[in-house]
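S.K.: Attaching a single structure in structure tokens format; questions to follow.
Structure, rendered in structure tokens:
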């Protein structure tokens, strides 16, 4: 948003003094003008009500300003498609889309969900009906009902035309601010700008709440267990605390997470228990590969703490494929706190026990042993790694360790 | 998000209304070999002229219909120049097979980097970069030579541009800005944003950026106007090799 | 042309710590004199923030060589990971790749084409090559060599679009890497290190972490 342009009195000598004197003399006028502006802001901020889309057929009538907003969405979607950041997993993608279609049956084919190759906790809806959810966020969910909570929220942003409404309000608020700053001199001039900023944030939160409430209604209508809806935010709070994030991007303009937990609890307070989508195991089976890929991606970006939140909860272990033990070892290794090397070793050993054909566990253990100068052990594990993965991408590193380990082992008593 | 605005605003600040900056460069091989035959069959890549509306609150929105209109005007204006000057024959990209068109799109993305770098170097505040740009040997490489041979095309012409059109409320703010400015001795309204248009011809066999022309035009503008687009394109192509002779011959 | 590219080029080329200058003689000393290196003659070199040496022929979006020296503790600001002298080259490479991935949503989706041990300036280090696409779908590649010397981390990086520019200027980058040497005051230490190579680092336990 454009900053307030203070009227500078540098056009001629003495201009500053004249302006100061003028603003004092004009104070009664300034007060009246400010009142008028505030009233005008209240009117502009309210705006004409925008009705939600009723179904896919309604989308054909999008035109004018809203069509422009869709165009921006199309540009973003094109950049995302071209940028190679879509996670390619037909099974997971089809599953997520099927949940969206169950929530919004009258929009089937119009609201399209894609998974983004990112371990961040993020999801967003474009005004044109494209919804993007990060791999990392999907991996943290426990069951289909939680997924439906998320999709219900994002889908509502689209069906309630929040993208278009936000754009309109920012435009109006900004115009108000620009005019205001020109008309009112001195200290009063900044007021319209502040009002404009607060109205933008205020409306954004309202829309988020609307998305929570209407999304919740969709959840109920589709037959999901609504008592899962607060839990998605509880999981996310745990992750945020682990990574020491202030508030993740997804929630930048959202009400605080703690407030959202409370809101969801209130909404679900009177609702009957039971309903679909509560099987953690079913979700785990469908998302097995996505979770492993997400862990891989998370660790490749150095996010060891987030991985530990997911993997060090014994209750959650059955939800992950056995190979996840290796990633637990990697998370400890990368975190590198006091005692983490021992924990990493335990996790690698467990991974070898439960998934003996998974090569990276042997490498993990081999490198740990190598760094601890246990060269014979290191050789054994690293040799086994290369037996299982002869074309391993890090073969050259492993060969260099083996070369040193063989020399050292030979010279050890 | 970064935009062209900083550079354009800086240049626009030098004069408030109605200034034009035109800039042309020829590949050093074209300069050193004046008898080198210029491309005859040139494929016009889809012009990419983006029009934006700016509101009084400085919200910038690209308007798809306007961009399509302006891009279509740009294509027509270039076609008109080609016909009237007889300097080259335009090839319709629709006639290129799909597989080769995909490759052309990849090279469009590379062109964006090459032209952007050439422009940035020419306008750098550092003489080292300006000197480097004056050598002007920018290229996209010979990767399009296969298409050139199979489709019998000599070069690709790229037209890229931007324009900003003030909304009614912004225009009102500008008028008000002038009015207030009369009292305080300085314009205090929203800044104007210049129109920017560029054209580049790339030899498909060598990849050389043979000719590169840019025009900035501050003050009120609207590239939805076919007449204005033609005028700007004609200005751009005034420096095309042989254009002055073709123009004199017509006279 | 891409407005983002123009603005990026103008920012890069206009906001530097020391003004850009043409490379006239190939042997160049680093900004803090801790290393010397051969740079391609005719390219433009400039010292940017934190004494990074940036060299390019046609402009950084088309090709660049970037040479940096940082403290191991602060070498990875985006991921906020502290490296240590006892780290294996593979571990340093892992941190550097994570750092590149953290730049934006496009690099976050990069693929690692190669990652292997390499010697640079007599030190055991790493070499990797990654590829990713920009917002117009153009593939970009980067190659990085890196190593640790006492508490410092040196990196020599090359980046260019795959189309034409990467293959065209990669040989210039390879010559730069081959010529990279620590300065005389660091050479005694580096000579000792090169004799002992990797195994010397590994006699110290890193069980206590970094």
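Chains as they are written, first to last, in our numbering: chain A, 9 to 421; chain B, 282 to 532; chain C, 0 to 209.
For glycine and all other residues, C-beta sits at the position ideal for the given N, C-alpha and C.
Expressed to the nearest angstrom, what Euclidean distance is found between the alpha-carbon atoms of residue 332 of chain A and residue 389 of chain A?
M.R.: As a first step, residue 332 of chain A must be located in the first chain, where it is residue number 324. As a first step, residue 389 of chain A must be located in the first chain, where it is residue number 381. Roughly 19 Å separates the two Cα atoms.
S.K.: Determine the burial state of residue 513 of chain B: buried for a count of at least 16 other Cβ atoms within 10 Å of its Cβ, exposed for fewer.
M.R.: The residue labelled residue 513 of chain B in the question sits at position 232 within the second chain. So residue 513 of chain B counts as buried.
S.K.: Find out if the Cβ-Cβ distance for the pair residue 363 of chain A, residue 401 of chain A is shorter than 7 Å.
M.R.: Here the question's residue 363 of chain A lines up with position 355 in the first chain. Here the question's residue 401 of chain A lines up with position 393 in the first chain. In this structure, residue 401 of chain A does not lie closer than 7 Å to residue 363 of chain A by Cβ.
S.K.: Could you tell me which of B:494, B:338, B:426 sits nearest to residue 442 of chain B, measuring between CA atoms?
M.R.: Stepping through the second chain from its first residue, residue 442 of chain B is reached at position 161. Taking only the C-alpha atoms, the option nearest residue 442 of chain B is B:494.
S.K.: Might you give, ordered along the chain, the residues of its own chain that have their beta carbon closer than 8 Å to the beta carbon of residue 224 of chain A, omitting 5 neighbours on each side?
M.R.: Indexing the first chain from 1 puts residue 224 of chain A at position 216. Hits under 8 Å: 157, 160, 234, 237, 272, 275, 276.
S.K.: Quick one: measure Cβ to Cβ for residue 337 of chain B and residue 444 of chain B, integer angstroms, because I've assumed they're closer than 8 Å.
M.R.: Within the second chain, residue 337 of chain B is the residue found at index 56, counting from 1. Within the second chain, residue 444 of chain B is the residue found at index 163, counting from 1. That belief does not hold up - the Cβ atoms of residue 337 of chain B and residue 444 of chain B are roughly 18 Å apart, past 8 Å.
S.K.: Between residue 74 of chain C and the rest of its own chain, which residues show a CB-CB distance below 7 Å, the 5 nearest in sequence each way excluded?
M.R.: Mapped onto the third chain, residue 74 of chain C falls at position 75. So the list reads 82, 152, once near-sequence residues are dropped.
S.K.: Can you tell me where the beta strand (DSSP E) holding residue 56 of chain C begins and where it ends?
M.R.: As a first step, residue 56 of chain C is located in the third chain; it is residue number 57 there, counting from the start. No beta strand (DSSP E) contains residue 56 of chain C, which DSSP labels as neither H nor E.
S.K.: Please report how far the alpha carbon of residue 474 of chain A lies from the alpha carbon of residue 409 of chain A, in whole angstroms.
M.R.: For chain A, the structure presents residues 9 to 421; residue 474 of chain A sits outside this window and is missing.
S.K.: Give the residues of chain C in contact with residue 388 of chain B, contact being defined as C-beta atoms less than 8 Å apart.
M.R.: The residue labelled residue 388 of chain B in the question sits at position 107 within the second chain. The contacting residues are 162.
S.K.: Opposite residue 118 of chain C in the DSSP bridges: which residues?
M.R.: For the purposes of this step, residue 118 of chain C is taken as residue 119 along the third chain, with counting starting at 1. According to DSSP, residue 118 of chain C bridges with C:123.
S.K.: Residue ranges of each beta strand (DSSP E) run of no fewer than 3 residues wholly in the stretch 300 to 386 of chain A, ordered along the chain?
M.R.: As far as the stretch 300 to 386 of chain A is concerned, it has no whole beta strand (DSSP E) run of at least 3 residues.
S.K.: Which same chain residues end up closer than 6 Å to residue 291 of chain A when comparing Cβ atoms and leaving out the 5 residues on each side of it in sequence?
M.R.: For this step, residue 291 of chain A is matched to residue 283 along the first chain. Contacts found: 151, 152.
S.K.: How big is the Cα-Cα spacing for residue 418 of chain B and residue 308 of chain B?
M.R.: To locate residue 418 of chain B, count along the second chain from 1; it is residue 137. To locate residue 308 of chain B, count along the second chain from 1; it is residue 27. If you take the alpha carbons of residue 418 of chain B and residue 308 of chain B, they lie about 5 Å apart.
S.K.: Alpha carbon to alpha carbon, what distance is there between residue 108 of chain A and residue 96 of chain A?
M.R.: Within the first chain, the letter at position 88 stands for residue 96 of chain A. Within the first chain, the letter at position 100 stands for residue 108 of chain A. When rounded, the distance between both Cα atoms is 18 Å.
S.K.: Which residues share a DSSP beta bridge with residue 141 of chain A?
M.R.: The residue labelled residue 141 of chain A in the question sits at position 133 within the first chain. Per DSSP, A:123, A:131.
S.K.: Suppose contacts are defined by Cβ-Cβ distances below 7 Å. Is residue 325 of chain B in contact with residue 438 of chain B by that definition?
M.R.: As a first step, residue 325 of chain B must be located in the second chain, where it is residue number 44. As a first step, residue 438 of chain B must be located in the second chain, where it is residue number 157. Yes, they are a contact pair.
S.K.: Interface residues of chain C around residue 405 of chain A at Cβ under 9 Å?
M.R.: Along the first chain, one-based indexing puts residue 405 of chain A at 397. The contacting residues are 87, 88, 89, 92, 114, 115, 116, 125.
S.K.: By the 9 Å beta-carbon criterion, what residues does the stretch 67 to 84 of chain A contribute toward chain B?
M.R.: Residues passing the 9 Å Cβ filter: 73, 75, 76, 77, 78, 79, 80, 82, 83.
S.K.: Would you please verify whether the beta carbon of residue 287 of chain A is less than 7 Å from any beta carbon of chain C?
M.R.: Along the first chain, read from residue 1 onward, the residue named residue 287 of chain A stands at position 279. Judged by the 7 Å Cβ criterion, residue 287 of chain A is not in contact with chain C.
S.K.: Taking its Cβ as the centre, do 16 or more other Cβ atoms sit within 10 Å of residue 148 of chain A, making it buried, or is it exposed?
M.R.: Along the first chain, read from residue 1 onward, the residue named residue 148 of chain A stands at position 140. The residue in question, residue 148 of chain A, is buried, as its Cβ has 16 or more Cβ neighbours within 10 Å.
S.K.: So that I know if they touch, is there some Cβ in chain A lying closer than 7 Å to that of residue 198 of chain C?
M.R.: Counting from 1 along the third chain, the entry for residue 198 of chain C is found at position 199. Unreliable positioning characterises residue 198 of chain C in this predicted model, as indicated by a pLDDT of 43, which lies under 50. A coordinate reading is not provided.
S.K.: Going by DSSP in three states, residue 444 of chain B sits in which element: helix, strand or coil?
M.R.: Position 163 of the second chain holds residue 444 of chain B. Note: residue 444 of chain B maps to strand in three-state DSSP.
S.K.: Between residue 46 of chain C and residue 156 of chain C, what straight-line distance do the alpha-carbon atoms span, to the nearest angstrom?
M.R.: Here the question's residue 46 of chain C lines up with position 47 in the third chain. Here the question's residue 156 of chain C lines up with position 157 in the third chain. The straight-line gap from Cα to Cα measures roughly 15 Å.
S.K.: So what's residue 71 of chain C in DSSP terms, helix, strand or just coil?
M.R.: Counting from one through the third chain, the residue named residue 71 of chain C turns up at place 72. Residue state, collapsed to three classes: helix.
S.K.: Have a look at the DSSP bridge pairing and note the partners of residue 490 of chain B.
M.R.: Mapped onto the second chain, residue 490 of chain B falls at position 209. According to DSSP, which records beta bridges pairwise, residue 490 of chain B is partnered with B:483.
S.K.: Please list, in chain order, the residues of the stretch 88 to 99 of chain A that have any C-beta partner in chain C closer than 9 Å.
M.R.: Under the 9 Å Cβ criterion, the stretch 88 to 99 of chain A contributes 88, 89, 90, 91, 92, 93, 94, 95.
S.K.: Name the residue from A:375, A:323, A:311 whose alpha carbon lies nearest to the alpha carbon of residue 288 of chain A.
M.R.: Locating residue 288 of chain A in the first chain gives position 280, where the first residue counts as 1. Of the listed residues, the one whose Cα sits closest to residue 288 of chain A is A:323.
S.K.: Mind checking who residue 21 of chain C pairs with in its DSSP beta bridge?
M.R.: Counting from one through the third chain, the residue named residue 21 of chain C turns up at place 22. Paired residue(s): C:43.
S.K.: Taking only beta-carbon atoms, is residue 326 of chain B less than 7 Å away from chain C?
M.R.: Within the second chain, numbered from 1, the residue matching residue 326 of chain B stands at position 45. By this cut-off, residue 326 of chain B is not an interface position.
S.K.: In terms of residues, what are the limits of the beta strand (DSSP E) holding residue 36 of chain C?
M.R.: Here residue 36 of chain C is taken as the residue at index 37 of the third chain, counted from 1. From DSSP, the beta strand (DSSP E) with residue 36 of chain C extends over 34 to 37.
S.K.: Return no unless some Cβ of chain B is closer than 7 Å to the Cβ of residue 135 of chain C.
M.R.: By 1-based counting over the third chain, the position of residue 135 of chain C is 136. For residue 135 of chain C, the answer is yes, since a Cβ of chain B falls inside 7 Å of its Cβ.
S.K.: Interface residues of chain A around residue 513 of chain B at Cβ under 7 Å?
M.R.: The sequence position of residue 513 of chain B within the second chain is 232, counting from 1. Near residue 513 of chain B there are no residues of chain A at all, since even the closest Cβ is about 24 Å away, more than 7 Å.
S.K.: Is the shortest distance between the beta-carbon of residue 456 of chain B and the beta-carbons of chain A less than 7 Å?
M.R.: Here residue 456 of chain B refers to the residue found at position 175 of the second chain. With 7 Å as the cut-off, residue 456 of chain B does not count as an interface residue toward chain A.
S.K.: Would you mind reading off the limits of the alpha helix (DSSP H) that contains residue 308 of chain B?
M.R.: As a first step, residue 308 of chain B must be located in the second chain, where it is residue number 27. First-last for residue 308 of chain B: undefined, no H or E at that position.
S.K.: With DSSP as the reference, identify every bridge partner of residue 144 of chain C, one or two as the case may be.
M.R.: For the purposes of this step, residue 144 of chain C is taken as the residue at position 145 of the third chain. Note: residue 144 of chain C sits in a beta bridge opposite C:126, C:155.
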